[in-house]
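K.L.:
Dropping a structure here in structure tokens format, bear with me for questions.
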Amino acid sequence: MINELKQKLLANFNDVQVNIPEDNRMTVNTKKESLLSLVSYLKNMGYNHFAMLSCVDWIDDKEFELIYIISAYPQDDEHYQDKEKKNILLKTRISRVKAKFITIISIFENAEPYEREIHEMFGIHFEGHPRLTPLMLERDYKIPPFRKDFDTNKYVENTFGKVPSIKERKEGKK
Amino acid sequence: MDRNQIGKWLKNPGKMANKYSFHVVYFCTGCGIIEVPPSITTRWDAERFGIIPVATPRQANLFLITGYVSTKTLAAIIRTYEQMPEPKYTVAFGSCPINGGMYYDSYNTITSLDKYIPVDGYIAGCMPRPEAIFIGVTHLWKLIDMDKADGYKRYREDYVHYRANQEQILGELDWPPLFSKENL
Amino acid sequence: MSLELLLIIAFSGAFLTYLSGKISSQLRDGVAVLISLGLVAIVSFLYNVQTETVFYQGFFGISLILRMNSLAWFFAIAIVSFTALCIIYSLSYMKDCERSNYYYFMMLLINASMLTIVLAGDLVTFFVAWEIMSWSTFLLISYNRNGALQAGIKYIVLSLIGSMCMLVGILSIYTSFGTVNIADVANHLTPSSVGYKLFLLIIFSITFGIKNAIMPLHTWLPDAYAESPSPFSAVLSGMLTRMGVFGFLLIMYVIVGMKTTLHLGRGFLSFNTILCWLGAITIVIPTFIAMLQNDAKKLLAWHGIGQGGYMIVGIAFGTSLGAAGGIFHTLNHATYIVLLFLSVGAIEYSTNGLRDLNSLGGLFKKMPIAFFGGLLGISGLIGVPLTNGFVSKWLIYKTLILGNAPFLAFAALLGTWGTVLSVYKFLHNLFLGQLPEEHKEIKKAPLTMQIPIVILSFTIILFGILPGLPLKVINSIIVAAGFQALDINIWGVTSETGTLNMLNIFAAIAVFGAIFWGIFKVARKSTPVDQYDNYAAGAAVPKNKYHYTVEYYAPFYRMGKPFLKDIFDMFYNRIAEAIGSICDSVRKIYTGYVGSYVMYIVLFIASLIFVQLTWSIF
Amino acid sequence: MNIIALFVSPLIALIAGMFFLGLSRKISARIQWRYGPPIYQPVIDVIRSFSQKSITHGKFFDFGIILSLSSSFVLILFLPIGKLCALTSGGLIAFLYLMLMGPFGIALSGAAAANPNSSIGISRKFLLALAYEVPLLLVLLTVMTHYHTISLVEIVNIQANSGWAFGSWALILPGIAYLLILPAILGMRPFEVVGAAQEISSGPIAEFGGKHLAFYTLQHALHVFVGIALFVDIFLGGWTFFGLLNPLAGTVWAVIFGIIIFLLKMTLVLFIGLFVNAVYPRFRIEQAMQYLWKWPTLISFVGLIIVVLTK
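As structure tokens, then:
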């Protein structure tokens, strides 16, 4: 089944590289232009669960890699087994400078919080997203904290380290 | 209960009762909370020391913080601490509240808790076993006996400084100061 | 002071108020208050007076009589004082309303007509005053127009059915005995047949049952209470509806006579047992329907029905404790239901007409007087010890239990527990809990609204601790009706099967309250905190959303809602719809075409000729 | 005698109530293979609460809890404890109403705190009360109809001949029904829906701390005492024990031993509740209502019918 899908993908899309590391897992590397059509194609093929959006910061290549994890479940609910679930990892790379990409909300509505999270943690702008407001972080980080060039040690020293102990503060005041 | 104890009870019943009736707010922040269920159930039975968990800070006098404290949790911790009635004691459990522990370089985990609220005792370890909770409690008893568990008094005295530290991390706080001039 | 003069003052005062309203509104307010307070003074001077005067001779050969006795005085003083309080309350409540002349006119007219009803010594006066009361009530219920008009029509239709029944009864009495004087009728009725007595009892019971809203005849009440202006709702629920109780007392214990009434029928199928069971149903079902209401006034209205059941059970059970309890409960019910309606009215006034239980809350900090009124009102409604409701309910329970009617007692006690739930919801959703931001600044209720609330709250406590005061009058009423006298002292009732002494309970609660208040004061002083400094699992307290009101008893609603429908109302509505559609189809003969009318005339004449030719009737 | 009872019976009730609270914690611990707290632990808790500095949400927040505690003490005066009964006015009906005032005071106080957890807890409390009042009222009416009196003292005294109420077989069904609803009256599991600490942060008392909490604990102790004592008074004959005290009749010893017998009977009844409490999980409020309106109501209803028919 998953091999059939590989053949179909290779036939329909000319710029994909498909690997099957395990029986029920498939990774698809693609160009960013054809991602949207791939996602909608997969949805039509029965891969109707958008499980997660992840991101890797390839700082040496000056690129972000976005990973869309999409799964399909067998129709037969009663005899469901976990190994019958199939995952597809769609990987695409975008430029790290002024990073931006297109939203897939039109295909999978539940992508909204994932894209917000990625926007918050990596600073990738998703065009067409209805509200890219802060999701989890409360503080103002100059560089998004999950980027590789965010120096946590230095940041911690500058913020939490700079809070004086009560004793110091009392003496400093006096 | 020996004769010595009875004398202490007559002298200061409130203090002794505080010692032997810890009603605890378990602030389940990190992995430390997994050590709490064994400590209050059959295996270690904290209730024999009068320690029972309660649901709201209003009824508690011991505040147990079990694990790392992110900045967002810090606000909740401060609110909860301020809602507890005095006298109240704070015990931080595990290494994370002491110096950040394994989250020493995290971008949103504070490194030492006692800059923001007063901590009366630390139980070190990653994680400490339930026995360590009881050792911590016995140490806290000794501190209370010696009147050294005075975190709530320090908080009252140095409230301005604590508040300044809290605001330095959390920005402007959305609740009014606990101690204004009239109820100090 | 003769009774005619009293009624002349009452009726002419109403017209005078209306006329002075044409001159200036201040003058009208003054006149209205003066008239109503004057009536209170006059009636209270008539205490312990037993007179009977013929005020008009020769009304078709019937002499119209007014008489005063303890029963009449008891109801009269209640009517005039509650109306006076409501008039004082109206001064600011109705200030900016349109048609306020008309409002005061109707209020005083209703007051006067109720006074005439209780003073009437013959059935014609009674009927005429009853009609004046019904019609003017209809006009005031529909004062707010729109929805109120529907409620008013519902009321007047049922009320007319009642009046017709009463008219039939009065006519039959007149044709049988040739007199309508109540005392004479009672004398004539003693030797007459059981069937005729039963006929009279049933036909009058329909009239008074509609007025007192006994269960199958109650449907006019919830809408009418909810839609009329609050001070009038208070009068309506407090005294006007209880004219039904007065009527029951009159027909059962004065006209037919106590001993006869209690022995009509056999076993379960006797008149008073059936009436008791109707009363028991009236206690239980409306009380539970009240739990579902989201409109404060509607909730109180359903309780108005439910509490009426206690009076009926007490009166119909036919023991001296029961009758005393039923009559006393009429007075008590009036005090606390008037108080509750006035408190709700104060909220309406302050929040610009809000009385939805789901959108208010936390008002006890802003309106302490109205809150204490509400608290004491619901305490009376439940019957918490030290409030007057406790005493009257105690009398009823005791007689039911010792009279071997445990199922009636169960219904009554169950109704009380249902009352606890629904009135707590009322108090909680209006006054307790979080105060919404938009009600931080509200209009302050003026003094004229607070004074009646304070007086009534005081009355509730007074009659709760010293129940002997009203029970003394009630005792003379039940003695006049032929019951055994109760052994009453100022603190309560003594009898060999258990005494009630409010002094004990009052002293115990006062002493323990003082002790624990003292301990509370001596212990460490507590810090006052804001409502937003509240436990929310460490999160910030959300403003305006931290109040649990909607579907307050959700688990019960899920279980009970399908069973708690007002099926009688639906049944009557179905009948009304059917009549409407029949009339609609009848109307179709008016085609608007001259030819068809000509055809009708021709057909009619043809049929007449046909009839004449066949049977030769004419 | 009445004057002595005025001072003694609240003390007995308070001490016994606190003892029962401690005992129930200890017994539950032992059933769960724990050592358990010392038996005087509730007293320590109350002293601790008193020594703490509480918060208040306004005057009414204080008023409710004071009303609740003082009316609970008044309730004790109406309850025959052994042979002591300070006040008899009003009988069982006044008793029922006073039983209502304790929870009502807490409800007022809890709702004044403006905490939705409290409100939910109170809503559950009243629903549970409605649920168990139906069988309870039937049971009490059965007893009152059977003995043809509304006075609690008389009900106890009539039982002195047979030692308990079950000498007359018509009262067995109501007795069973009362035992079935006893955990609900005491607020124990499986009916611990009101102060559910894990769901609604201990319900009505979510905002109580310091002296408010201490007052609440005392009130709860009295409530537990009353719930059990009512059963002992109505069905187990109060101070009587099959004529054991007859030789002492009229002496002070009869009163003292009467109280001791009474408390022993109460402990016995408490144990029944505790064994259920220790092993059962909690009902949802709907399940609790359905249960209470099914079996206990049916049993007590049949009991009432039997009593009415055999009268």
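Chains as they are written, first to last, in our numbering: chain R, 262 to 435; chain Z, -17 to 166; chain X, 590 to 1207; chain F, 125 to 435. The beta carbon of each residue, even a glycine, is placed where N, CA and C say it ideally should be.
#1: According to DSSP, is F644(X) part of a helix, a strand, or is it coil?
#2: When you compare only the Cα positions, how much space is there between Q1023(X) and E410(F)?
#3: So if DSSP puts N1078(X) in a beta bridge, which residue, or which two residues, is it bridged to?
#4: Alpha carbon to alpha carbon, how far is H386(R) from K292(R)? Give it in angstroms, no decimals.
#5: Which residues of chain B have a Cβ atom closer than 8 angstroms to the Cβ of I151(Z), listed in chain order?
#6: Please go through the same chain and pick out, in chain order, the residues whose beta-carbon is closer than 7 angstroms to the beta-carbon of K435(R), but skip the five residues on each side of it.
#7: Answer yes or no: do I151(Z) and V417(R) have a C-beta to C-beta separation smaller than 8 angstroms?
#8: Listing by chain order, which chain Z residues have their CB less than 7 angstroms from the CB of Y1124(X)?
#9: Which value, in whole angstroms, describes the spacing of the CA atoms of S725(X) and A599(X)?
#10: Give the range of the alpha helix (DSSP H) segment to which T23(Z) is assigned.
#11: Does the Cβ-Cβ distance between P957(X) and S681(X) come in under 8 angstroms?
#12: Does chain X have any CB closer than 8 angstroms to the CB of N239(F)?
#13: At what residue ranges does the stretch 313 to 354 of chain F contain a whole run of the alpha helix (DSSP H), taking only runs of 4 or more?
#14: Can you name the start and end residues of the beta strand (DSSP E) that C316(R) belongs to?
#15: Excluding the 5 residues flanking L264(F) on each side, which residues of the same chain have their C-beta closer than 8 angstroms to its C-beta?
#16: What is the DSSP secondary structure of M657(X), reduced to helix, strand or coil?
#17: Taking Cβ positions, are V622(X) and I676(X) nearer each other than 8 angstroms?
#18: Could you tell me whether any Cβ in chain F is nearer than 8 angstroms to the Cβ of W724(X)?
#19: Can the beta-carbon of I631(X) be found closer than 8 angstroms to that of G602(X)?
#20: So I1094(X) packs on G214(F), CB below 8 angstroms; how close in whole Å?
#21: When the Cβ atoms of the stretch 632 to 644 of chain X are set against those of the stretch 726 to 746 of chain X, are three or more pairs found closer than 8 angstroms?
#22: Please report the residue range of the beta strand (DSSP E) in which V289(R) lies.
#23: Within the 8 angstroms Cβ cut-off, does T1086(X) reach chain F?
#24: Near S652(X), what residues of its chain come up, given a Cβ to Cβ distance below 6 angstroms and the 5 sequence neighbours on each side ignored?
#25: Between which two residues does the alpha helix (DSSP H) holding L728(X) run?
#26: With C-beta atoms as the reference, is R248(F) less than 8 angstroms away from G188(F)?
#27: If you run the structure through DSSP and keep just helix, strand and coil, what is F325(R)?
#28: Where does A131(Z) sit, in a helix, a strand or coil, going by DSSP?
#29: Would you please verify whether the beta carbon of K124(Z) is less than 8 angstroms from any beta carbon of chain R?
#30: For S858(X), does the count of other Cβ atoms within 10 angstroms reach 16, so buried, or fall short, so exposed?
#31: Taking all protein chains shown into account, do 16 or more other C-beta atoms lie within 10 angstroms of the C-beta of V1175(X), making it buried, or fewer, making it exposed?
#32: Examine the ligand SAH and report whether any of its heavy atoms sits within less than 7 angstroms of the Cβ of W377(F).
#33: Do D410(R) and I331(R) have their CB atoms nearer than 8 angstroms?
#34: For T24(Z), count the other beta carbons within 10 Å of its own beta carbon; 16 or more makes it buried, fewer makes it exposed. Which is it?
#35: Of all the options Q156(F), T266(F), T273(F), which has the alpha carbon lying nearest to the alpha carbon of L398(F)?
P.N.:
So, from the data block:
#1: strand
#2: 27 angstroms
#3: G1081(X)
#4: 18 angstroms
#5: Here the protein chains are R, Z, X and F, and chain B is not one of them.
#6: With a pLDDT of only 45 at K435(R), under the threshold of 50, the placement of this residue in the model should not be trusted; the figure read from the coordinates follows. Cβ neighbours of K435(R) beyond the five flanking positions: none.
#7: no
#8: T38, P39, R40, Q65
#9: 15 angstroms
#10: Here T23(Z) belongs to no alpha helix (DSSP H), and DSSP marks it neither H nor E.
#11: no
#12: yes
#13: 321 to 324
#14: 310 to 319
#15: L216, L220, I358
#16: strand
#17: yes
#18: no
#19: no
#20: 7 angstroms
#21: no
#22: 286 to 291
#23: yes
#24: V643, Q646
#25: 712 to 730
#26: no
#27: strand
#28: coil
#29: no
#30: In the sequence on display, residue 858(X) carries Leu and not Ser. Counting Cβ neighbours within 10 Å, L858(X) comes out exposed, since fewer than 16 surround it.
#31: exposed
#32: Of the ligands one can find in the structure shown there are none, so the ligand SAH has no counterpart to examine.
#33: no
#34: exposed
#35: Q156(F)
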